[in-house]
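These notes are about the structure you will find just below.
Number of protein chains: 2
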Amino acid sequence: MKLNFKRNDLLNAINIVLKAVSTKTTMPILECILIEAGKKGVYLTANDMELGIETKVENCEIMEEGKIAIEARLFSEIIRKISLDEESIVSLESDGNIVTIVCDNSTFRIQEKDPDQFPDLPSIDQDHYITLSQLTLKEIIRDTIFSISPNDSNKMMTGELFEVKGDLLKVVSLDGHRISIRNTALRETYNDVKVIIPGKTLNEVSKILSGDNDKDVVLFFSRNYVMFRFDETVMVSRLIDGEYFKIDSMLSSDYETKVVVNKKEFLDSIERSTILIRESDKKPLIMDIRDSSMGLKMHSMIGTMDADILIRKQGKDLMIGFNPKFLLDALRVIDDEEVSLYLTNPKAPCFIKDDDGKFIYLILPVNFNPDSY
Amino acid sequence: MKLNFKRNDLLNAINIVLKAVSTKTTMPILECILIEAGKKGVYLTANDMELGIETKVENCEIMEEGKIAIEARLFSEIIRKISLDEESIVSLESDGNIVTIVCDNSTFRIQEKDPDQFPDLPSIDQDHYITLSQLTLKEIIRDTIFSISPNDSNKMMTGELFEVKGDLLKVVSLDGHRISIRNTALRETYNDVKVIIPGKTLNEVSKILSGDNDKDVVLFFSRNYVMFRFDETVMVSRLIDGEYFKIDSMLSSDYETKVVVNKKEFLDSIERSTILIRESDKKPLIMDIRDSSMGLKMHSMIGTMDADILIRKQGKDLMIGFNPKFLLDALRVIDDEEVSLYLTNPKAPCFIKDDDGKFIYLILPVNFNPDSY
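Here the protein sequences come in this chain order: A and B. Positions 781 to 1153 (the working numbering) are the ones given, in order, by the first sequence. Positions 781 to 1153 (the working numbering) are the ones given, in order, by the second sequence.
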């Protein structure tokens, strides 16, 4: 194999596939990037057996076709440092055992790994799919990913439900204390789909997506896999097996108190209150909802914070406590200037939702002693 | 005590004294900032018993004088988050037990600590001193601090020698493998001084110094302490006790090979070679000095790198090995476009120095087997 790359195009492709390189594995080949040069161009692939990514390197010159595997982090570091000039030409030549990488005045020689050991990406049938703009998928992930569960005592909580019904995509994540729902209108009607995509996969794909509204991403769904195809990249991930939680019964639309509040002011005040929380001393944030103003109170071992913010209220007064982190997570991803909270009583969940039904955040309250506030 | 601050002026002062707040201590008072409001204004002080810092807060309104101590990191976080508007007014009122901090719509109430337990800064007699621009002191520290020893098996190696003779300041640091020397001409002649200042102190003072060439810093030296006075800040540090190493005998000016090389090209090539070094496998960088070019070679378990850079050479050819980190540390702080290396043989130190004698970096070579290169 003998190739010439532009340093920056090669580095961009490496950075994309690097997200599927295994860090902890007993199979050294999974720590490698596969480089394949053929008729269609040069492709890099990484695959940690949960997630696989293949991408095409732009502007390659192929003097001799071939296939090699090379330790991914080492290769990435060499290409990053071999030249500081983005336009430099990097040449790569393999003798089947040692790969020689030359750029400017530097020559690296590195042991190759056996490319035939490299696992193929699973092939996905293409009956079930949807098309979205890259920006939309990126936003859907950002708006829901925070409420997956970080530990996998319940595997399904570490992923997100992607449910397609006609021309609607509903994405749900939950961790036992809260539920995040994002509804998105699709451009056309598709076959129905209901799958659970691992949170790690969604995190990685959202880092690679360009966030461009004019560029699309296609999601293909099979029984065990989801494939994302966008730009010159293909990403294949295993799905999480099982029946997702039934959440519809929890989503009552009744409420007894509705609060409309300036989002930034609410967010800043909650952030301020968390100064007084230490790991060992998890205190709730108390919302004291009265006509036209809401008191926010944090009383901890360290000290107290009291803030008052203006609100518009419908319904009865209410004093209710929340884990401030859960409120912050939801408020941080809402782009609106004002948010609406729907509440019933101190034991019932709070709903933060918009009028169009695009997002719903359900947060369970926590117990507190009202006499100490 | 009752005070009004501009949020940003208070935060600036807190950030300065925070560097002398103790993080690991059995005395809780050392985790506090002392706030003193008197005739001369409002001063903040922190003191971890090795290093003490006192600074004046600008633009304070004093409604009632007084003195309080408050947990430093908590206070810093509250002031940082209490308002995002730099111009906001923060009011602070103490009842001798609880301090109330109010800004915009938020009120914090925090337990105070007993200010009388707070240790006084040591007083320094002012016979021995020098005056430098803040920029110069910052540069002197940057140019030498990397070659102090990080572990204190030899306490003196964790500090730097500051030696004043007439109108010359010589600063030396060494760690057993290398020596860094920076000579600075002073504006006038001062009393002779020879002290060892802890590296930690120099690191902290260099973070606070403005790097402004028009602003001065005065260093006062007593038997056990050094005091830095600049802007509205005073910083007092304990000195390291003992007689510093005699280094003059090591600084031979003889050499058999002189190499002049482009600094950036040399630095970039060495950085590139370090890709091939893993913690467990410390390999030297080999410099193969020939007429008009120098080969740089790194052969490790991971692979090899070879680079060739143009040089101007006087004297004989030489092949010599170094820990690449030591070369990098010195080259990174040299501002010149070209550097001169003075060498004798593969067992003798390399000197990197300029023609004016402003800096000297001595680096010991390492053993290697010439047959494998």
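Don't be surprised by glycine CBs; every beta carbon is placed ideally from N, CA and C.
Residue i CB to nearest heavy atom of the ligand SAH below 7 Å
i                : result
I1091 of chain A : In the structure on display, the ligand SAH does not appear, and there are no ligands present to speak of.
Chain B residues whose Cβ lies nearer than 8 Å to that of residue i
i                : result
S886 of chain A  : S1049, R1052, M1085, D1086, A1087
L1111 of chain A : Ordered by position in chain B, no residue passes the 8 Å Cβ test against L1111 of chain A, which lies about 15 Å from the chain.
L1108 of chain A : Chain B residues near L1108 of chain A: none, gap ~12 Å exceeds 8 Å.
Beta-carbon proximity of residue i to residue j, cut-off 8 Å
i                : j                : result
L766 of chain B  : Y909 of chain B  : In this structure chain B extends from 781 to 1153, so residue 766 of chain B is not present and cannot be described.
E838 of chain A  : K782 of chain A  : no
T1013 of chain B : I794 of chain B  : no
F898 of chain A  : A852 of chain A  : no
A1087 of chain B : N1103 of chain A : no
S1109 of chain A : S929 of chain A  : It should be noted that the sequence gives Asp, not Ser, for residue 1109 of chain A. Not in contact: D1109 of chain A and S929 of chain A (Cβ atoms no closer than 8 Å).
K1105 of chain A : I1055 of chain B : no
K1138 of chain A : N963 of chain A  : yes
L790 of chain B  : V870 of chain B  : yes
I1089 of chain B : E1045 of chain B : yes
L1111 of chain A : L1065 of chain A : no
T969 of chain B  : D947 of chain B  : yes
I833 of chain B  : I890 of chain A  : no
D907 of chain A  : K945 of chain A  : no
Burial state of residue i, where buried means 16 or more other Cβ atoms lie within 10 Å
i                : result
G979 of chain B  : buried
N1147 of chain B : exposed
I881 of chain B  : buried
R1160 of chain A : The question about residue 1160 of chain A has no answer, for chain A in this structure spans 781 to 1153.
A965 of chain A  : exposed
K974 of chain B  : exposed
T825 of chain B  : buried
T1040 of chain A : Note that residue 1040 of chain A is Val in the sequence shown, not Thr. It counts as exposed.
T806 of chain A  : exposed
T803 of chain A  : exposed
L1121 of chain B : buried
P1150 of chain B : exposed
P1145 of chain A : buried
P895 of chain B  : buried
R1052 of chain A : buried
I878 of chain A  : exposed
K819 of chain B  : exposed
K918 of chain A  : buried
S1159 of chain A : In the structure displayed, chain A extends from 781 to 1153; residue 1159 of chain A sits before or after that span and is not available.
R967 of chain A  : exposed
M1085 of chain A : buried
Residue nearest to residue i in terms of C-alpha spacing, selected from the options
i                : options                            : result
K1063 of chain B : B:C1130, B:D994, B:S1152, B:I842   : B:S1152
D1021 of chain B : B:K935, B:D1011, B:N1103           : B:K935
M1030 of chain A : A:P1129, A:I1100, A:E816           : A:P1129
E984 of chain B  : B:Q897, B:K804, B:I848, B:L798     : B:L798
Q914 of chain B  : B:D996, B:S1033, B:N1004           : B:D996
S903 of chain A  : A:G1095, A:V1016, A:M1078          : A:V1016
I858 of chain B  : A:I1050, A:I976, A:E841            : A:I1050
I925 of chain A  : A:S953, A:V822, A:D1061, A:M1099   : A:S953
H1079 of chain A : B:F888, B:K950, B:N971             : B:F888
D1134 of chain B : B:E1118, B:N1125, B:Q906, B:L1065  : B:E1118
L854 of chain A  : B:Y1141, B:I1057, B:I1140, B:D1097 : B:I1057
N827 of chain A  : A:G821, A:I813, A:G818             : A:I813
L989 of chain A  : A:L912, A:T1037, A:H957, A:E943    : A:L912
Y1035 of chain B : B:K1044, B:M1067, B:I1082, B:K1093 : B:K1093
D1028 of chain A : A:S960, A:F1001, A:G818            : A:S960
D923 of chain A  : A:Y823, A:S986, A:P895             : A:S986
D955 of chain A  : A:F1025, A:V822, A:N784            : A:F1025
S1002 of chain A : A:E867, A:I1114, A:D905, A:K945    : A:D905
R1018 of chain A : A:N1004, A:N788, A:G1083           : A:N1004
Y823 of chain A  : A:G832, A:K836, A:E830, A:L831     : A:K836
E943 of chain A  : A:K1127, A:D932, A:I976            : A:I976
Interface partners of residue i on chain A, CB under 8 Å
i               : result
E754 of chain B : The structure shown does not extend to residue 754 of chain B, since chain B is modelled only from 781 to 1153, so the question has no answer here.
L864 of chain B : D1048
Neighbouring residues, chain A, relative to residue i (Cβ below 7 Å)
i               : result
K891 of chain B : It is Gln, not Lys, that sits at residue 891 of chain B in the sequence shown. Result: G1083.
Partners in chain C for residue i, counting only beta-carbon separations shorter than 7 Å
i               : result
K861 of chain B : Annotation note: the requested chain C is absent from the structure, which comprises protein chains A and B.
Contact list for residue i against chain A, beta-carbon separation under 9 Å
i               : result
L854 of chain B : I1055, L1056, I1082, G1083
Q. Listed in chain order, which residues of the stretch 790-822 of chain A have Cβ atoms closer than 8 Å to some Cβ of chain B?
A. Taking a C-beta cut-off of 8 Å against chain B, none of the residues of the stretch 790-822 of chain A qualify.
| said: Closer than 8 Å between beta carbons: that is the criterion. Which residues of the stretch 966-978 of chain B meet it against chain A? | reply: With the criterion set as a beta carbon lying under 8 Å from some beta carbon of chain A, the stretch 966-978 of chain B has no members that meet it.
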